[in-house]
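*Asks:* Residue numbers (our numbering), protein chains in the order written: chain H, 1 to 114; chain L, 1 to 113. Positions of the beta carbon are idealized from the N, C-alpha and C atoms, including for glycine. One structure follows; several queries about it will come next.
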């Protein structure tokens, strides 16, 4: 079945550092890919998405590129802020008749210090 | 514009009991999906409701059941609670199949003792 694997965490950075969170996937179809963010005590929020190969999703300074050849969707940000501290989830929806069933990775905790 | 709302916020139940969780979708949305998020894990898909019918189901036992009402709100019922059912239960709403975007509620934290 479909699966998503994220880099081991947690990740601790200083403010203005560069962020990369690795995500790879396994899917039988042609999936759409997503990054969700979960702030403490809140539900998940969609951060960005990409629906086909070589698409780049971007939002709030975060970017991720859909790489079909390496089955990856790594999240990057050039300069993190303390307010970016949260849990980040990579997820996919398989193409076809999956009716929007999201398959999530295990999440990566990001802590940014001033 | 109200987002996805869930009730209650927290719940404590005893093993063997039954529980009902509720979800109101975002305005304009007609599809509701439920997810279980165990501590330190990613959410796991339970099932999805559309037009008052269960359209797709994840790998959860029949103890987990649901319902969708004509106003698109939804309930998740869990019978014969086990300690392992302790988790954050998330509701997500979308329009039609939610293929491109789903909006999540804040969740209901269920603790089974």
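So what does DSSP say about residue 81 of chain L, is it helix, strand or coil?
*Replies:* Coil at residue 81 of chain L, not helix or strand.
*Asks:* For the stretch 90–111 of chain L, which residues have a CB atom closer than 9 Å to at least one CB atom of chain H, in sequence order?
*Replies:* Those residues of the stretch 90–111 of chain L that come within reach of chain H (Cβ to Cβ, closer than 9 Å) are 90, 91, 92, 94, 96, 97, 98, 99, 100, 101, 102, 103, 104, 105, 106 and 107.
*Asks:* For residue 104 of chain H and residue 25 of chain H, which I take to be in contact (beta-carbon distance under 8 Å), what is that distance rounded to the nearest angstrom?
*Replies:* No, residue 104 of chain H and residue 25 of chain H are not in contact; Cβ-Cβ is about 11 Å, not under 8 Å.
*Asks:* Let me check understanding here. Comparing Cα to Cα, which of L:111, L:56, L:72 and L:26 lies closest to residue 82 of chain L?
*Replies:* If we check each option's Cα against that of residue 82 of chain L, L:111 comes out closest.
*Asks:* When the distance is taken between beta carbons, is residue 30 of chain H closer than 7 Å to residue 95 of chain H?
*Replies:* A contact, by the Cβ cut-off of 7 Å.
*Asks:* Helix or strand or just coil, what does DSSP make of residue 82 of chain H?
*Replies:* Residue state, collapsed to three classes: helix.
*Asks:* Is the beta carbon of residue 86 of chain L sitting closer than 7 Å to the one on residue 77 of chain L?
*Replies:* Going by C-beta atoms, residue 86 of chain L is not nearer than 7 Å to residue 77 of chain L.
*Asks:* If you follow the beta strand (DSSP E) that residue 93 of chain L is in, where does it begin and where does it stop?
*Replies:* Segment 87–94, the beta strand (DSSP E) holding residue 93 of chain L.
*Asks:* Using a beta-carbon distance below 7 Å, is residue 62 of chain H in contact with chain L?
*Replies:* Taking Cβ atoms only, chain L never reaches closer than 7 Å to residue 62 of chain H, which makes this a no.
*Asks:* Ignore the nearest five residues each way along the sequence and tell me which others in residue 107 of chain H's own chain have a CB closer than 8 Å to its CB.
*Replies:* The residues are 6, 9, 38, 87, 88 and 89.
*Asks:* Residues bridged to residue 22 of chain H by DSSP?
*Replies:* None; residue 22 of chain H has no bridge partner.
*Asks:* Going by other Cβ atoms of all chains shown within 10 Å of its Cβ, with 16 needed for buried, is residue 84 of chain H buried or exposed?
*Replies:* When all chains shown are included, residue 84 of chain H counts as buried.
*Asks:* What residues from chain A crowd round residue 48 of chain L, counting only those whose CB sits closer than 9 Å?
*Replies:* Reference to chain A is not applicable here, since the protein chains of this structure are H and L.
*Asks:* Relative to the C-alpha of residue 91 of chain H, which residue among H:46, H:79 and H:20 is closest?
*Replies:* Ranking the options by Cα distance to residue 91 of chain H, first place goes to H:46.
*Asks:* With C-beta atoms as the reference, is residue 113 of chain L less than 7 Å away from residue 31 of chain L?
*Replies:* It is not a contact, given that the beta carbons lie outside the stated cut-off.
*Asks:* Straight-line CA distance for residue 102 of chain H to residue 59 of chain L?
*Replies:* Between residue 102 of chain H and residue 59 of chain L, the C-alpha separation is close to 13 Å.
*Asks:* List the residues of chain H that residue 56 of chain L touches, going by C-beta distances under 7 Å, in chain order.
*Replies:* Per Cβ cutoff of 7 Å: 99 and 101.
*Asks:* Cβ atoms of residue 105 of chain L and residue 41 of chain H: under 7 Å apart, would you say?
*Replies:* No; because the gap between Cβ atoms is not below 7 Å, this pair is not in contact.
*Asks:* Please report the straight-line C-alpha distance between residue 9 of chain L and residue 69 of chain H, rounded to a whole angstrom.
*Replies:* Residue 9 of chain L and residue 69 of chain H: Cα-Cα distance of roughly 43 Å.
*Asks:* What residue range is occupied by the uninterrupted beta strand (DSSP E) comprising residue 5 of chain H?
*Replies:* From DSSP, the beta strand (DSSP E) with residue 5 of chain H extends over 3–6.
*Asks:* For residue 26 of chain L, is the classification buried or exposed, using 16 other Cβ atoms within 10 angstroms of its Cβ as the cut-off for buried?
*Replies:* Residue 26 of chain L is buried by the Cβ-count criterion.
*Asks:* What is the rounded straight-line gap between the Cα of residue 20 of chain L and the Cα of residue 29 of chain L?
*Replies:* The straight-line gap from Cα to Cα measures roughly 22 Å.
*Asks:* For residue 80 of chain L, which residues of its own chain have a beta-carbon under 7 Å away from its beta-carbon, when the five flanking residues on both sides are left out?
*Replies:* For residue 80 of chain L, where only same-chain residues beyond five positions count, the Cβ hits under 7 Å are 16 and 63.
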